[in-house]
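In what follows, a single structure is set out as structure tokens and then discussed.
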Amino acid sequence: MISFTVNGRKRAYKGPPFKRLIDVLREDFGLTGTKEGCGEGECGACTVLVDRKPVTSCLVPVCQMEGRRIETVESLGREQRLGPLQSSFLEHGGAQCGFCTPGVLMTASVLPKSTAGDPLAIRRALSGHLCRCTGYQTIVESVAKAPRPKPRSRKR
Amino acid sequence: MLQIGASLKRADAPQKLSGTAKYIDDYRLPGCLHGATLRTAIAYGRITKINFAPTFPWDECVVARAADIPGTNNVLFIEADQPLLTEDLVMHPMQAILIVGHPDRARAYEALKHIKVEYEEREPVLSIADSLAKKQLLRGEDNVFKRHLIEKGDLAQGFAQADRIVEGEYRVPHQEQAYIENHGIASWVEPDGTIVVHGSLQCPYYVHKALVKTFALPPERVRVINAVTGGAFGGKEDYPSVIAGHAALLALKSGRPVKLIYDRQEDMSATTKRHPAVVRHKTGVSKDGRLLAQDIEVVMDGGAFATCSGVVLSRGTLHATGAYECPNVRVRASVVATNTPPNGAFRGFGVPQTIFAAELQMEKIAAALSLDSLELRRRNAWRVGAVTATGQKLQESVGALKCLELCARRGHYLRKRQLYARWNSRKGNPTWRGIGIALCPHGAGFTGSGEVTLASRAAVALTKSGAVRILAASTDLGQGAITIFTQIAAQALGLPPGLIEVEVPDTALVPNSGPTVASRTTMVIGGLIERAAGQLKDALAQAGGRAPRTRAALKKAAAALCGGRQELRFEVAYEKPADITWDDSLYRGEAYGVFSYAAVAVDLEVDRLTYEVRVRRVTTAQDIGKAINPALAKGQIMGGTLQALGYALFERAEFQGGWMRNSQFTNYIIPSFADAPPMEVLLVEEPYSRGPHGAKGLGEMPMDVPAPAVVAAIHDATGFWFSEIPVLPENICGKFRNAEKTK
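So the protein lines, in turn, are chains Z and S.
Numbering-wise, the first sequence is residues 1 to 156 according to our numbering.
Numbering-wise, the second sequence is residues 157 to 899 according to our numbering.
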């Protein structure tokens, strides 16, 4: 059995240990917000946070998740009550077809402070994500103009 | 409140941002089988034997084969030449042979490895040149799917009058649509025998039309539903009909629901791409830079089956002259068959190919005349009253020059030319810099009589509970159709947008509005919705004396107006403007009701050590008649522009033996955050009297025009011309090496 938390909730997983994290999230826990675009870590659509770090969940077997803290797009806010980063994407047109969006949001949610308001630094930090719709500029604006969340306590 | 011209927030964004939007693979289908497609491994020949390894437990699987098809074994689109499953003749690699279904997706793909197909191979036709030379006869008498010819004036006389004659040949490659969501379809059979297909697709009624034939069913026994679709760009125009046929066949045979979801590699190597093309220009021009004769030849590679190649070619042909007036023109165009996967629709639909050639030819002419190409464009660009190659006199809404001037000014085109000449002359600088400009028209809506043939319908309904619903088959692929339709209806009804819903495109619920293609959704279907909403408004006003403005008032009016009925529906159909005429046999007349226009200036630099190109800035001015929603319009323009920068600088599908060898994001490179330049988008609004609030088409045009501007900018930076894209660092390096050798 593999134990970890997903979006703050304790989860126990009992299936094949080498099942990809993305499949466990989508199939076993019904968290379909996380998307598969390429299955080889190139497009970033499947990005989730593992212990607050962005990880492409299509490349990670679930057996590496023991004791980890996993966060997906579903943790950022609800459809009727979007979080501040999501609201900024709504405001500045950061989503078009929406398929790359959950992954982009996850990486953007933990951007280092040094990128604040610096479009070039934001572009560099998000360069692991592919988007074919927007030309990226509205995503950069959405991230740059999002209100910064209060720093979380750093628990180890 | 004025809805038109306001940047209403995208209606479907909250679901997409919170992860609740349901794309096809997000649906749970209890008890479903996962389909996996066995595909041909050769380019041309015959299947002689299919062996199922006896060691594999085949009783776990359901196998759907051509023999199981109840109707006709083809995918009906414009023609019916493409088999749904091939039985013996192999026309291209990755052609579907049979579908294996298994409750476990990985096992379905595992099963494919235990099937061995034996072939009798023939020498394939893999290039336009081999197809034209009839190396093998793949199609008809000459391998040509379709030919088009445009003639205007007297070509010989035009050349005789010319002071200079300039010739050029230009080549463009395949391009992959590279939507981030791969193709996917789910299918099941209802107890009454209705086949239902749900999936990632652009054109529900295209899929419907194909399935009715494949399954020999009456139209009401086939239902096609659009799931939230993660990008399409033309790539989900015709191929979903293939996958839908496969999924439905397996569902029918197994009696279970079926999911058929492609992975990236299968998607890229099996499905349609932009047509490669060779375009030759011979232009006669006067000393002062007036075009006198244009002789243009276009040949496109259609791949193995017809798909929409003839129509792609048509649009390419009709844009082959660029946005320029010339008294004597001939355009000869053809699209030929090769043993490669069929090419199909991709944003621009033939125009990026021919505009690339037309705009670089303008550069070549300008160089021959020692004139700046901006000035050459100014002297020849369409104005109101100009007559196109098909004899269409442009009556209104011609923003070509306005776009060109605005783009040149705001992009600092002339100043940067001088500035960069100085920069490039300094030996110690790490880069060479350059700026290039280009201009294009884009005909909005279906070509010629296309809209009449489509006879699109759309409706606005008022339910007895007081909901206003828009009913159209147009899909939201990320471009914002739902939001635009809401704004148009809200404006017409004088209601807040929050009171208006857009129905899911589902053939059981919505009328046939035609396909979501050809930059037609806002202009044509938006126009229908405006009319239908106007009828509802009149009915409301007649019933209540005053149009309702609030939910409560609407509810009250709806109860009175609907009487005992569930809903009151106002459905309208496209009506051809009386003065538009088009002769499809002669290619004469009004090719499009109106053209949109775009100019772009690309500012870039080339690294002197690595020859890498970095685009520093893009400035573009686009005349779209009226921006219903400026934020969405700019989003479309920026996205399309970046796809075109990829076309010009990165994207090369490596074909060997008829196969795409780099069918992964690892090796088929699309632009990333790091590659994308800052963009300035300038909306020009030259209203079109027949578009809703003056709106014209927009979706495709941003893809048409940047590639030639990139090549012109690389020339400005390095002094070298490239007649083929993508221009990769090794190509630039090669030019410098050659230049050194010949020194």
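Positions of the beta carbon are idealized from the N, C-alpha and C atoms, including for glycine.
Note that the coordinates shown come from a computational prediction; the quantities given were computed from them, not determined experimentally.
Query raised in the report: With which residues is S/K205 paired in a DSSP beta bridge?
Result: Here residue 205 of chain S refers to the residue found at position 49 of the second sequence. Answer by DSSP bridge pairing, in chain order: S/E274.
Requested in this report: Kindly say whether Z/F18, judged by its beta-carbon, lies nearer than 7 Å to any beta-carbon of chain S.
Outcome: As a first step, residue 18 of chain Z must be located in the first sequence, where it is residue number 18. Not an interface residue.
Requested in this report: Determine, using beta carbons only, whether S/V485 and S/V455 come nearer to each other than 7 Å.
Outcome: To locate residue 485 of chain S, count along the second sequence from 1; it is residue 329. To locate residue 455 of chain S, count along the second sequence from 1; it is residue 299. Not a contact, by the Cβ cut-off of 7 Å.
Query raised in the report: Would S/R676 be called buried (16 or more neighbouring beta carbons within 10 Å of its own) or exposed?
Result: Translated into positions along the second sequence, residue 676 of chain S becomes position 520. Label assigned to S/R676: buried.
Query raised in the report: In chain order, what residues of the same chain lie with their CB nearer than 6 Å to the CB of S/P360, ignoring the 5 residues before and after it?
Result: As a first step, residue 360 of chain S is located in the second sequence; it is residue number 204 there, counting from the start. Cβ within range, chain order: V380, N382, A629, P661 and T663.
Requested in this report: Inspect the CB distances between the region 208-221 of chain S and the region 254-265 of chain S and report whether three or more fall short of 8 Å.
Outcome: Contact holds: three or more Cβ-Cβ distances are below 8 Å.
Requested in this report: Answer with buried or exposed for S/V540, where buried requires no fewer than 16 other C-beta atoms within 10 angstroms of its C-beta.
Outcome: Along the second sequence, read from residue 1 onward, the residue named residue 540 of chain S stands at position 384. S/V540 comes out exposed.
Query - Neighbouring residues, chain S, relative to Z/K38 (Cβ below 9 Å) - result: Residue 38 of chain Z sits at position 38 when you count from the first residue of the first sequence. Strictly speaking, residue 38 of chain Z in this sequence is Cys, with Lys absent from that position. Residues of chain S passing the Cβ test: I336, N338, D419, R420, Q421, Q820, F821 and T822.
Query - Simplified DSSP assignment, three categories, for S/H871 - result: Residue numbering aside, residue 871 of chain S sits at position 715 when the second sequence is read from its first letter. Of the three classes helix, strand and coil, the one that applies to S/H871 here is helix, per DSSP.
Query raised in the report: So what's S/S621 in DSSP terms, helix, strand or just coil?
Result: For this step, residue 621 of chain S is matched to residue 465 along the second sequence. Coil at S/S621, not helix or strand.
Query - Neighbour list for S/D182 in chain Z, Cβ cutoff strictly below 9 Å - result: As a working mapping, residue 182 of chain S is identified with position 26 in the second sequence. Simply R26, T32, G33 and K35.
Query - Secondary structure of S/V378, DSSP reduced to three states - result: As a first step, residue 378 of chain S must be located in the second sequence, where it is residue number 222. Strand, per DSSP.
Requested in this report: Report yes if the C-beta distance between S/V300 and S/V492 is below 7 Å; otherwise report no.
Outcome: Locating residue 300 of chain S in the second sequence gives position 144, counting from the first residue. Locating residue 492 of chain S in the second sequence gives position 336, counting from the first residue. In contact: S/V300 and S/V492 (Cβ atoms closer than 7 Å).
Report task. Determine the direct distance from the alpha carbon of S/P862 to that of S/G795, and round the result to whole angstroms. Result -> The residue labelled residue 795 of chain S in the question sits at position 639 within the second sequence. The residue labelled residue 862 of chain S in the question sits at position 706 within the second sequence. Computed Cα separation, rounded: 12 Å.
Query raised in the report: Which bits of chain S does Z/L126 rub up against, with CB to CB less than 7 Å?
Result: What you label residue 126 of chain Z is simply residue 126 of the first sequence in a count that begins at 1. The answer, in chain order, is F829.
Requested in this report: State buried or exposed for S/L245, treating a residue as buried only when at least 16 other CB atoms are found within 10 Å of its CB.
Outcome: On the second sequence, residue 245 of chain S is found 89 positions in, with the first residue counted as 1. Classification for S/L245: exposed.
**Report entry** C-alpha distance - Z/V110 paired with S/L474, whole-angstrom precision
**Finding:** Residue numbering aside, residue 110 of chain Z sits at position 110 when the first sequence is read from its first letter. Residue numbering aside, residue 474 of chain S sits at position 318 when the second sequence is read from its first letter. Looking at the two C-alpha atoms, the distance is approximately 50 Å.
Query raised in the report: Of all Cβ atoms in chain Z, is any one closer than 7 Å to the Cβ of S/P249?
Result: Your numbering for residue 249 of chain S matches position 93 in the second sequence. Chain Z, which has no Cβ nearer than 7 Å to the Cβ of S/P249, makes this no.
Requested in this report: Leaving out five residues on either side along the sequence, give the residues of the same chain with a beta carbon under 7 Å from the beta carbon of Z/V73.
Outcome: In the first sequence, counting from the first residue as 1, residue 73 of chain Z sits at position 73. Within the same chain, Z/V73 has close Cβ partners G33, T34, P102, L105 and M106.
Query raised in the report: So, helix, strand or coil for Z/K155, using DSSP?
Result: Locating residue 155 of chain Z in the first sequence gives position 155, counting from the first residue. Low local confidence applies: a pLDDT of 45 at Z/K155 is under 50, so the model's placement there is unreliable, and no value is given.
Report task. Evaluate contact between the region 340-352 of chain S and the region 823-831 of chain S, counting only Cβ atoms and requiring at least three cross-stretch pairs below 8 Å. Result -> no
Report task. Taking only the alpha-carbon atoms, compute the straight-line gap between S/K520 and S/V322 and give it to the nearest angstrom. Result -> Mapped onto the second sequence, residue 520 of chain S falls at position 364. Mapped onto the second sequence, residue 322 of chain S falls at position 166. If I take the Cα positions, the gap works out to 7 Å.
Report task. Please name the residue, chosen from S/V837, S/G604 and S/A715, that lies closest to S/V467 on a Cα-to-Cα basis. Result -> Counting from 1 along the second sequence, the entry for residue 467 of chain S is found at position 311. Closest by alpha carbon: S/G604.
Requested in this report: Could you tell me which of S/L240, S/R278, S/A804 and S/T242 sits nearest to S/G201, measuring between CA atoms?
Outcome: The sequence position of residue 201 of chain S within the second sequence is 45, counting from 1. Nearest option by C-alpha distance: S/R278.
**Report entry** Neighbouring residues, chain S, relative to Z/P102 (Cβ below 7 Å)
**Finding:** As a first step, residue 102 of chain Z is located in the first sequence; it is residue number 102 there, counting from the start. Neighbours of Z/P102 on chain S, chain order: G175.
Query raised in the report: Who are the neighbours of Z/T134 on chain S, taking C-beta pairs under 7 Å?
Result: The count along the first sequence starts at 1 and reaches residue 134 of chain Z at position 134. By Cβ distance, chain S contributes G791, M794 and G795.
Query - For S/G590: DSSP bridge partner residues - result: If you number the second sequence from 1, residue 590 of chain S lands on position 434. Per the DSSP secondary-structure output, S/G590 pairs in a beta bridge with S/L760.
Query - C-alpha distance - Z/G93 paired with S/G634, whole-angstrom precision - result: Indexing the first sequence from 1 puts residue 93 of chain Z at position 93. Indexing the second sequence from 1 puts residue 634 of chain S at position 478. Straight-line Cα distance between these residues: approximately 11 Å.
Query raised in the report: Going by beta carbon distance, what residues of the same chain come within less than 8 Å of S/V281, once the five residues before and after it are set aside?
Result: By 1-based counting over the second sequence, the position of residue 281 of chain S is 125. Y200, S287, K291, Q292, L294, N299, A493, T494 and N495.
Query raised in the report: Is the CB of Z/V48 under 7 Å away from at least one CB in chain S?
Result: Taking the first sequence and counting its residues from 1, the one referred to as residue 48 of chain Z is at position 48. So, not an interface residue.
Query raised in the report: Any idea what DSSP makes of Z/S87, helix, strand or coil?
Result: The residue you call residue 87 of chain Z lines up with position 87 of the first sequence. Correct three-state label for Z/S87: helix.
**Report entry** C-beta contact flag for Z/F18 and Z/I70 at 7 Å
**Finding:** The sequence position of residue 18 of chain Z within the first sequence is 18, counting from 1. The sequence position of residue 70 of chain Z within the first sequence is 70, counting from 1. The answer is no: Cβ separation not under 7 Å.
**Report entry** Z/R20 in three-state terms, based on DSSP
**Finding:** For this step, residue 20 of chain Z is matched to residue 20 along the first sequence. In the structure shown, Z/R20 sits in a strand (DSSP, three-state: E or B).
Query raised in the report: Between Z/K155 and chain S, is there a C-beta pair that is closer than 7 Å?
Result: Numbered from its first residue, the first sequence carries residue 155 of chain Z at position 155. Residue placement at Z/K155 is poorly supported in this model, since its pLDDT is 45, which falls under 50; the coordinates still yield a value, given next. No, its Cβ sits nowhere closer than 7 Å to a Cβ of chain S.
**Report entry** Given 8 Å, three or more beta-carbon pairs between the region 581-594 of chain S and the region 740-759 of chain S
**Finding:** The count of Cβ pairs closer than 8 Å, one atom from the region 581-594 of chain S and one from the region 740-759 of chain S, reaches three, so the stretches are in contact.
Query raised in the report: Looking only at C-alpha atoms, which of S/P786, S/T797, S/C889 and S/F878 sits nearest to S/E841?
Result: Position 685 of the second sequence holds residue 841 of chain S. Minimum Cα distance to S/E841 is reached at S/P786.
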